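Chemist: Could you have a look at this structure, given as structure tokens, before my questions?
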Ligand code: NAD
Ligand code: TYD
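Numbering (my numbering), first residue to last: 5 to 358.
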């Protein structure tokens with residue numbers, strides 16, 4: 005291990021955002037050892053990392069973040085000086101079906117990691133960092149006006165956001181109580197390649213390809229603030245290296261879209277890419293029963309990250325959306341693979357009664 009200038013555990017590296025973070029760190033920092041620790045749940049997929057899996061500075065370790073013995077063993081084996089923690093149960097609809105799974109992974113799993121890191125580093129925090137990746141959903145729901153800033157009071161309203169809020173509180177508590185060198189970021193909705201098709205954009209792309217109904221919850225007036233996933237990964241890189249100890253950074257694209265407008269834009273892009281007549285895909289839109297407790301609007305003020313650390317999004321939304329559609333259309337095997345098996349029964353359970 006001595007040859008690497010840093011040894012970093014990235015949790016959840018086989019998931020959507022985690023795989024982009026792993027790829028960026030493995031490619032940009034050949035002198036760092038990157039260990040991807042992931043339980044490979046339904047959302048984790050090693051095919052997301054095919055292009056870097058044989059890199060000299062990359063290792064994969066399969067395991068659960070709740071497994072104290074295994075996490076301790078890996079700290080001993082690799083002598084980590086950094087953790088970038090992304091592993092989580094991440095889908096709001098699944099949290100409504102099974103809240104306890106979210107408490108176990110997001111709360112207990114996070115506290116286990118914090119505890120092992122604290123005990124392993126034994127107050128010698130020089131050069132150490134525990135980076136916790138969180139979501140803007142912890143702030144609750146906005147009306148038509150205003151933005152979430154780093155000082156907005158927490159007001160989580162779904163089992164998913166409540167579990168992420170709880171984990172954020174534990175991370176900050178470990179900083180205040182034990183001096184653990186932490187940094188937290190809260191990001192808005194991501195989109196891009198390797199996104200599991202239970203979430204809005206990849207679900208709609210997949211359904212349009214197969215001419216299946218496009219289930220828009222409620223009236224489609226809910227608003228989300230969308231960020232290209234590679235811009236999120238870049239922000240994580242900058243915050244990991246330059247963020248202030250104990251600090252929080254909001255990450256977002258200043259890119260709000262009403263769901264129904266986004267789905268219409270996606271339909272238009274897909275008609276063009278699939279050589280279908282304009283208006284074909286939009287005919288598939290169906291308004292379905294709303295999500296219980298559906299947050300109305302998320303919007304991030306990312307001024308602090310821009311002013312203090314110089315980050316800004318690199319892509320306009322339509323450009324990012326076109327890139328994303330192109331990726332899904334040229335990676336049919338990936339989507340076929342992740343939508344076989346468990347996905348079908350989830351889809352059935354989630355959408356058949358709506
Ligand atoms: P994802 O569901 O695509 O991936 C989660 C990964 O964590 C998977 O690889 C899964 O196998 C792994 N995992 C789940 N439970 C585990 C456990 N108990 N032990 C070890 N590994 C486990 O999630 P994502 O969308 O990539 O989100 C990653 C992180 O970013 C999460 O913490 C999420 O809260 C946060 N986040 C996501 C978004 C978004 O738009 N997707 C936005 C802001 C923040
Ligand atoms: P989602 O991608 O699940 O992210 P989040 O709920 O964490 O923001 O959903 C984005 C928005 O799209 C949200 O307002 C719910 C809505 N939505 C639909 O209308 N239909 C769907 O099938 C899904 C999955 C989401």
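Where is the CB? At the ideal position from N, CA and C, for every residue including glycine. Note that the structure is a prediction, hence the values are computed from the model and not measured.
What's the gap between the Cα of residue 134 and the Cα of residue 184?
Modeler: Your numbering for residue 134 matches position 130 in the chain shown. Your numbering for residue 184 matches position 180 in the chain shown. So the alpha carbons of these two residues sit roughly 8 Å apart.
Chemist: Could you tell me which whole alpha helix (DSSP H) segments of length 4 or greater appear in the segment 239-297?
Modeler: If we require 4 residues or more, the alpha helix (DSSP H) runs fully inside the segment 239-297 come out as 263-277.
Chemist: Could you check where the alpha helix (DSSP H) with residue 226 kicks off and where it finishes?
Modeler: Position 222 of the chain shown, counted from the first residue, corresponds to residue 226. That residue, residue 226, is in no alpha helix (DSSP H); it is neither H nor E in DSSP.
Chemist: Where does residue 218 fall in DSSP's three states?
Modeler: In the chain shown, counting from the first residue as 1, residue 218 sits at position 214. In this structure, residue 218 counts as strand in the three-state DSSP scheme.
Chemist: The ligand NAD and residue 186: does any heavy atom of the ligand fall closer than 7 Å to the residue's C-beta?
Modeler: If you number the chain shown from 1, residue 186 lands on position 182. It does not: the Cβ of residue 186 is nowhere closer than 7 Å to a heavy atom of the ligand NAD.
Chemist: Once the 5 residues before and after residue 224 are set aside, which same chain residues still bring their CB inside 6 Å of it?
Modeler: For the purposes of this step, residue 224 is taken as the residue at position 220 of the chain shown. Closer than 6 Å at the Cβ level, and outside the excluded window around residue 224, lie 263 and 264.
Chemist: With a threshold of 16 other CB atoms inside 10 Å of the CB of residue 345, please say whether the residue is buried or exposed.
Modeler: By one-based count along the chain shown, residue 345 stands at place 341. Its Cβ having fewer than 16 others within 10 Å, residue 345 is exposed.
Chemist: Compare the beta carbon distance of residue 4 and residue 156 with 8 Å and say whether it is the shorter of the two.
Modeler: What the structure shows of the chain is the stretch from 5 to 358, and residue 4 is not part of that stretch, so it cannot be assessed.
Chemist: The ligand TYD and residue 241: does the residue's C-beta get closer than 7 Å to at least one heavy atom of that ligand?
Modeler: Numbered from its first residue, the chain shown carries residue 241 at position 237. The answer is no for residue 241.
Chemist: Nearest CA to the CA of residue 151: which residue from 69, 115, 48 and 258?
Modeler: Within the chain shown, numbered from 1, the residue matching residue 151 stands at position 147. Of the listed residues, the one whose Cα sits closest to residue 151 is 258.
Chemist: Determine whether the beta carbon atoms of residue 120 and residue 65 lie at a separation below 8 Å.
Modeler: Along the chain shown, one-based indexing puts residue 120 at 116. Along the chain shown, one-based indexing puts residue 65 at 61. No.
Chemist: For residue 14, does the three-state DSSP call read helix, strand or coil?
Modeler: Taking the chain shown and counting its residues from 1, one reaches residue 14 at position 10. Here residue 14 sits in strand by DSSP.
Chemist: In angstroms with no decimal places, state the Cα-to-Cα distance between residue 204 and residue 187.
Modeler: As a first step, residue 204 is located in the chain shown; it is residue number 200 there, counting from the start. As a first step, residue 187 is located in the chain shown; it is residue number 183 there, counting from the start. Taking the straight line from one Cα to the other gives about 29 Å.
Chemist: CB residue 275 to CB residue 284, shorter than 8 Å?
Modeler: What you label residue 275 is simply residue 271 of the chain shown in a count that begins at 1. What you label residue 284 is simply residue 280 of the chain shown in a count that begins at 1. It is a contact, given that the beta carbons lie within the stated cut-off.
Chemist: Counting only runs that start and end within the segment 30-109, where is the beta strand (DSSP E) found for 3 or more residues in a row?
Modeler: Fully enclosed beta strand (DSSP E) runs of 3 or longer: 36-42, 62-66 and 86-89.
Chemist: Between which two residues does the beta strand (DSSP E) harbouring residue 138 extend?
Modeler: Locating residue 138 in the chain shown gives position 134, where the first residue counts as 1. Where residue 138 is concerned, the enclosing beta strand (DSSP E) stretches over 133-139.
Chemist: Under 7 Å Cβ to Cβ from residue 105, same chain only, skipping five residues before and after it: list those, please.
Modeler: Start at 1 with the first residue of the chain shown, and residue 105 comes out as number 101. Correct list, in chain order: 93.
Chemist: Since residue 34 contacts residue 61 with CB under 8 Å, what's their CB separation in whole angstroms?
Modeler: On the chain shown, residue 34 is found 30 positions in, with the first residue counted as 1. On the chain shown, residue 61 is found 57 positions in, with the first residue counted as 1. Right, the Cβ-Cβ distance comes to about 6 Å (below 8 Å), so this counts as a contact.
Chemist: So the alpha helix (DSSP H) residue 119 belongs to, where does it begin and stop?
Modeler: As a working note, residue 119 is residue 115 in the chain shown. Run containing residue 119: 114-125, per the alpha helix (DSSP H) assignment.
Chemist: Leaving aside the five residues before and after residue 355 along the sequence, list all residues of the same chain whose C-beta is less than 6 Å from its C-beta, in chain order.
Modeler: Locating residue 355 in the chain shown gives position 351, where the first residue counts as 1. The residues are 219.
Chemist: With a 10 Å radius around its C-beta and 16 neighbouring C-beta atoms as the bar for buried, classify residue 102 as buried or exposed.
Modeler: Taking the first residue of the chain shown as position 1, residue 102 is located at position 98. The residue is exposed, with fewer than 16 neighbouring Cβ atoms inside 10 Å.
Chemist: With DSSP as the reference, label residue 195 as helix, strand or coil.
Modeler: Reading the chain shown from its first residue, position 191 is the one you call residue 195. Strand at residue 195.
Chemist: Is there at least one non-hydrogen atom of the ligand HEM closer than 7 Å to the beta-carbon of residue 204?
Modeler: Looking for the ligand HEM in the displayed structure turns up nothing; the ligands present are the ligand NAD and the ligand TYD.
Chemist: For the alpha helix (DSSP H) that contains residue 343, what are its first and last residues?
Modeler: Reading the chain shown from its first residue, position 339 is the one you call residue 343. It is not in any alpha helix (DSSP H) - residue 343 carries neither H nor E in the DSSP assignment.
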